[in-house]
Amino acid sequence: MASAAIKSSVAGLLVIVFCTAGIVKITDKIAPEIHKQMRREFVELAKAHPMKVWFGRSINPKLYCSTIGYIEVISALVLYGGTRRLKIASTVIMLLVMILVMQGLYWLGKPAVMFLPGALSVFLLVLNFLFLLAEEPTKAEKKQ
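Quick note on this note's numbering: the sequence shown kicks off at 29 and runs consecutively.
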């Protein structure tokens, strides 16, 4: 019983956090100041993106911010209402996004405190991933 409550709490928290963060990155209608701050952060993150660092390709910070926002919202909604396989894929995608952002922060030399939200998100995503792997597939999923 407690295990089901923990699974639901972790998944629910991830959905709320990633939907909120994604929507704030996409539009300035909800929280204009936070949206501006995120845009400024993505200007810096675009300079430390692997495409820029390894291949010399410049990244449009505005497009980068919007793309990450849409990925977060879509992945969170899939995590909320998708099948088990889609939830696993969504969790992996969100993990990759968080690792990419944390890598950018590291390359920019940001203080350790800046890693805390990302590290907590990664911890919750890994926990959710393990919960999803431990679930028994439904009969319909077994047939596929």
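Glycine is no exception: its CB is placed at the ideal position from the N, C-alpha and C atoms.
Who are the near neighbours of residue i in its chain, counting only those whose CB is closer than 7 angstroms to its CB and skipping five residues on each side?
i	result
S37	none
A76	G132, W135 and L136
S86	K80
Under 8 angstroms Cβ to Cβ from residue i, same chain only, skipping five residues before and after it: list those, please.
i	result
H63	V52, K53, T55 and D56
With a threshold of 6 angstroms on Cβ separation, who are the neighbours of residue i within its own chain once the five nearest residues in sequence on each side are excluded?
i	result
G97	G50, K53 and I54
I44	none
Please report the residue range of the alpha helix (DSSP H) in which residue i lies.
i	result
V125	R112 to W135
I154	The identity of residue 154 in the sequence shown is Val, whereas the question assumes Ile. Taken as a continuous stretch (DSSP letters only), the alpha helix (DSSP H) holding V154 covers L144 to A162.
Measuring CB to CB, does residue i end up less than 8 angstroms from residue j?
i	j	result
G110	S118	yes
M18	C47	Outside the shown range of the chain, which is 29 to 172, sits residue 18, and nothing can be said about it.
L163	R113	Here residue 163 is Glu; the residue named in the question, Leu, does not match the sequence. Contact flag unset, no.
V125	I99	yes
A74	P60	no
L153	L42	yes
V150	L107	no
Kindly indicate which three-state DSSP category residue i falls into: helix, strand or coil?
i	result
I62	helix
M29	Because the pLDDT of M29 is 49, which lies under 50, any placement of that residue in the model is unreliable, and the number read from its coordinates should be weighed accordingly. Coil at M29, not helix or strand.
K35	helix
- Segments of 4+ residues assigned as alpha helix (DSSP H) that fall wholly inside the segment 46-111: 60-75, 78-83 and 89-109
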